[in-house]
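In the UniProt record's numbering, the protein residues as written are 1 to 945. Ideal placement from N, C-alpha and C gives every residue a C-beta, glycine not left out.
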């Protein structure tokens, strides 16, 4: 049965498919310039994928059958690649890629030979190179190292034709590139990289031999650059080659470079017999040839290209960590290259010098015996290159990379090679270059790195101090943030590593003076430098210069106009206070207390802000200073806490805000709210803070509300109504009247035109606490403070916002959140007694269908209504809700009836109302149209002369 199936497929089915695949059409016999009546791609493009199906079928048959039928299939697919139709070539190429992946690398040489046999001339050669690259790229996942060795020579012939033959010249012709898209790109470079990735070690010499022959024979710079690019791609492929062992690769690179090194040759000219008779003055010399003498070609003209190739491989091995200093075997392999690099460092070719420097950047860190012997000559070679190429104006074009690597490698030499001592002449050269490059934006980074390396070796010379002063100035004046950061790091390193003596005072005074620099970025840099000093300097130094630092920074805390600078100043002062000892901190605090007790408002503000920093640093330890601070705070708040004494003064606003901030920090850190030791003073201060709840400035209102939030957080609502046998605290003195006044002040804060989310949230928290206390008050008809009274006051604010300002929802959001909070705490009975008061406001937002409705507010109203429904029960809620809806409909009908009566009794009033309504509609319609017509320009009316 199997034999019958095999015969049926091989004798009947496969031949039919092959006839369909190889069938000729009319377009095959027509000339390319003749008018064709039929597009060939309409029929041929359907036949191309048939080849893949045939190959898949043949793979399931015996090997002999596959080998007999495969040539015809491949030949036809390759012939499809000859088509001038782009779609057919693309489909044929994709099909050939899939066939090669299905067959595997074993059949790749045969596919290559079929391709080269079919695509032999003209535009077909462009298609050949493009198709080979596609095959190699897609087969990279299945090819193993060494499997391309058999067809390596054939591949290189195609690559070389594309790089150096007629194909390369045709790629510069626009007409050809316009007709054949495969001619637009040069794929041989990438193909060489893939070939290098899978070449075997035994074929490596053969891979380079054709390129070497071109190098020896050509004098064209263009061809040389092409070979350089091809070798660079090969080196990238060799690094990724899994079959290349590090040891064999290093031996190959060493032999390659040593065989190509230029050796001086002395040509002996034959000496002829010199005539004793002088030449006649009457004889004319022969006429010189036109165009001058023809230069002699030398095989060693391009020999440096192969040296570059070898050094490139060495550099990539070091960069990819395939050679490490921890492996002794690797050190033995690397050691012979030191002499090679030393000799090539003197090469006249810049690219060779660049690669030597790249390798030295890694090898200088390796413990190599040859490096210790040759480091002096290597250093001399680098300094020669510095003098030749790093002068002003010379580092341009190709030399720029060389100069950059020179500085980078010299930096490694100075910083990491401890066994090499730099003499004074070399140090002077390096410092001169550093000084020149400080103001060159292209070379600043290398100058900074080199100067850091010099400082790390603690080398001494007078020029170092001069450069540090310039860098110190740049740390303030430089435009770029990273340049200022680099400068600060260098100055900090210099101050820490070099003995300064009395000279350190001038450096510290310089940065303190820059706190008054005119540009914000300069002041920020000075503050960051001072913070670094406070972090790194020993305590003894900071104690000695604490006065020098503290007073100017404290003044900057008040006088600086930049918020960021003020924040950095506060952080720097806190860092200083944390590092100094207790005695110094006490002395500095006495200065702050002295400022706080002065009569001048700015000094009082300065004292309050600096005392706040002391609280943040000392936390609970600051309690011992409250006996000094509280009387001063109390004195100032009593002076400005009276509502009749409110003045619109910016200095006064800053003072009161600073005092309240100081009091907030004390309450948070020192736990003095319920402390009986400070009850008397705190009762007076709370009264002054209560008066500031209605202060005109919004910051002061917010801080005062936050202070009362801290006060309420320290109490349980039930404890306030208990009698205190000890000294009564603020909330226990005339509690009901005090809570009534406080609630009125908090509600008045909601009426502010400058209400913001921070203030509104704090007011709601405070009102929730007052409501919880009010819930525990005994019922008294004479007192105003009650749950219904509070609910009416809050709902009135929500209703007022609906009428006066519909664009904002701060008040309604706050009131609804307050209702949700108190509903959870009150319970069903108490909530049911006030449900009819606040439910209309919530119901209005849930049923409002106007386009200006805030969706977030509507969502919040629905959530609050669900909470209330769960607490009071569905029956109670439904009854009240129906009453609210009925009342609202009655009001609406009454309003309509009144408007109808007005239209009869006062027609002029109704006409004006209707006219006003129509005008508002017209304006709204015009506004809506303008929104959709963005390009429309509104013409301005001309001014009448």
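Residue 771 versus residue 691 - alpha carbon distance = Here residue 771 refers to the residue found at position 771 when the chain shown is read from its first residue. Here residue 691 refers to the residue found at position 691 when the chain shown is read from its first residue. If you take the alpha carbons of residue 771 and residue 691, they lie about 21 Å apart.
Would residue 251 pass as a contact of residue 320 if the rule is Cβ separation under 7 Å?
-> Taking the first residue of the chain shown as position 1, residue 251 is located at position 251. Taking the first residue of the chain shown as position 1, residue 320 is located at position 320. It is not a contact, given that the beta carbons lie outside the stated cut-off.
Return the residue from the list 650, 664 and 565 that minimises the CA-CA distance to residue 611.
-> Translated into the one-based positions of the chain shown, residue 611 becomes position 611. If we check each option's Cα against that of residue 611, 664 comes out closest.
Run through DSSP, which three-state label would residue 692 get?
-> Taking the first residue of the chain shown as 1, we reach residue 692 at position 692. Residue 692: helix per DSSP, three-state reduction.
Would residue 902 be called buried (16 or more neighbouring beta carbons within 10 Å of its own) or exposed?
-> Here residue 902 refers to the residue found at position 902 of the chain shown. Flag for residue 902 reads exposed.
Unbroken alpha helix (DSSP H) run spanning residue 465, endpoints = Stepping through the chain shown from its first residue, residue 465 is reached at position 465. Its alpha helix (DSSP H) spans residues 462-477.
Start and end residues, alpha helix (DSSP H) containing residue 955 | The displayed coordinates of the chain run from 1 to 945. Any statement about residue 955 would go beyond what the structure contains.
Do you know offhand how far residue 381's Cα is from residue 343's?
-> What you label residue 381 is simply residue 381 of the chain shown in a count that begins at 1. What you label residue 343 is simply residue 343 of the chain shown in a count that begins at 1. Taking the straight line from one Cα to the other gives about 9 Å.
What three-state label does DSSP hand residue 304 in the structure shown?
-> Numbered from its first residue, the chain shown carries residue 304 at position 304. DSSP places residue 304 in helix when its eight states are reduced to three.
Determine the DSSP secondary structure at residue 785, reduced to helix, strand or coil.
-> Translated into positions along the chain shown, residue 785 becomes position 785. Here residue 785 sits in coil by DSSP.
Taking the alpha-carbon positions, what's the residue 363 to residue 336 distance?
-> Here residue 363 refers to the residue found at position 363 when the chain shown is read from its first residue. Here residue 336 refers to the residue found at position 336 when the chain shown is read from its first residue. Cα-Cα distance, rounded: 12 Å.
Would you kindly report the start and end of the unbroken alpha helix (DSSP H) that includes residue 706?
-> As a working note, residue 706 is residue 706 in the chain shown. That run of the alpha helix (DSSP H) goes 698-713.
Decide if the region 311-326 is in contact with the region 239-249; the criterion is three or more beta carbon pairs, one per stretch, under 8 Å apart.
-> yes
Local Cβ density within 10 Å of residue 552, reported as buried at 16 or more and exposed below that | Within the chain shown, numbered from 1, the residue matching residue 552 stands at position 552. Residue 552 should be labelled buried.
Does DSSP classify residue 240 as helix, strand or coil?
-> Translated into the one-based positions of the chain shown, residue 240 becomes position 240. Note: residue 240 maps to coil in three-state DSSP.
Between residue 946 and residue 143, is the Cβ-Cβ spacing less than 7 Å?
-> Because the chain is modelled from 1 through 945, residue 946 falls outside the range shown and cannot be assessed.
Taking C-beta to C-beta, are residue 549 and residue 529 nearer than 7 Å?
-> Position 549 of the chain shown holds residue 549. Position 529 of the chain shown holds residue 529. No, Cβ-Cβ distance for residue 549 and residue 529 is not below 7 Å.
Please report the residue range of the alpha helix (DSSP H) in which residue 843 lies.
-> Residue numbering aside, residue 843 sits at position 843 when the chain shown is read from its first letter. Residue 843 -> alpha helix (DSSP H) spans 828-847.
Would you report the Cα separation of residue 488 and residue 404, rounded to the nearest angstrom?
-> Here residue 488 refers to the residue found at position 488 when the chain shown is read from its first residue. Here residue 404 refers to the residue found at position 404 when the chain shown is read from its first residue. Residue 488 and residue 404: Cα-Cα distance of roughly 23 Å.
Any idea what DSSP makes of residue 741, helix, strand or coil?
-> What you label residue 741 is simply residue 741 of the chain shown in a count that begins at 1. Correct three-state label for residue 741: helix.
Residue 881, enclosing alpha helix (DSSP H) - first and last residue | In the chain shown, residue 881 corresponds to position 881, counting from 1. 874-905 is the extent of the alpha helix (DSSP H) around residue 881.
Going by beta carbon distance, what residues of the same chain come within less than 6 Å of residue 755, once the five residues before and after it are set aside?
-> The count along the chain shown starts at 1 and reaches residue 755 at position 755. Result list for residue 755: 810, in chain order.
Around the C-beta of residue 585, are 16 or more other C-beta atoms found within 10 angstroms, so that it is buried, or is it exposed?
-> Taking the first residue of the chain shown as 1, we reach residue 585 at position 585. Flag for residue 585 reads buried.
The region 475-484 / the region 522-536 touching (three or more Cβ pairs under 8 Å) | yes
Please work out which residues of its chain come closer than 6 Å, Cβ to Cβ, to residue 431, disregarding the five sequence neighbours upstream and downstream, and give them in chain order.
-> For the purposes of this step, residue 431 is taken as residue 431 along the chain shown, with counting starting at 1. The answer, listed in chain order, is 463.
Residue 195 vs residue 158 beta-carbon contact at 7 Å = Start at 1 with the first residue of the chain shown, and residue 195 comes out as number 195. Start at 1 with the first residue of the chain shown, and residue 158 comes out as number 158. Cβ atoms of residue 195 and residue 158: not closer than 7 Å.
Backbone CA spacing between residue 162 and residue 110 [nearest angstrom] = Stepping through the chain shown from its first residue, residue 162 is reached at position 162. Stepping through the chain shown from its first residue, residue 110 is reached at position 110. So the two alpha carbons sit approximately 21 Å from each other.
Would you be able to state if there are at least three C-beta pairs under 8 Å between the region 797-817 and the region 836-844?
-> yes
Counted within 10 angstroms of its Cβ, other Cβ atoms place residue 281 as buried (16 or more) or exposed | Looking up residue 281 in the chain shown gives position 281. Answer is exposed; the Cβ neighbour count stays below 16.
Candidates 134, 260 and 302: which alpha carbon is nearest residue 185's?
-> The residue labelled residue 185 in the question sits at position 185 within the chain shown. For residue 185, the nearest C-alpha among the options comes from 134.
What's the gap between the Cα of residue 340 and the Cα of residue 147?
-> Residue 340 sits at position 340 when you count from the first residue of the chain shown. Residue 147 sits at position 147 when you count from the first residue of the chain shown. For residue 340 and residue 147, the distance between alpha carbons rounds to 34 Å.
Thinking residue 400 and residue 385 are a contact (beta carbons under 8 Å), I'd like their distance in whole angstroms, please.
-> The count along the chain shown starts at 1 and reaches residue 400 at position 400. The count along the chain shown starts at 1 and reaches residue 385 at position 385. Actually they do not touch by this definition, with Cβ atoms about 13 Å apart.
Pairwise C-alpha distance: residue 547 and residue 582 | In the chain shown, counting from the first residue as 1, residue 582 sits at position 582. In the chain shown, counting from the first residue as 1, residue 547 sits at position 547. Cα-Cα distance, rounded: 14 Å.
Secondary structure of residue 389, DSSP reduced to three states | In the chain shown, residue 389 corresponds to position 389, counting from 1. In the structure shown, residue 389 sits in a helix (DSSP, three-state: H, G or I).
Nonlocal neighbours in the same chain, by C-beta distance under 6 Å from residue 180, ignoring five residues either side = For the purposes of this step, residue 180 is taken as the residue at position 180 of the chain shown. 123 and 126.
Which term fits residue 963, buried or exposed, when burial requires 16 or more other beta carbons within 10 angstroms of its beta carbon?
-> The shown model of the chain, from 1 to 945, leaves out residue 963, and the question about it has no answer.
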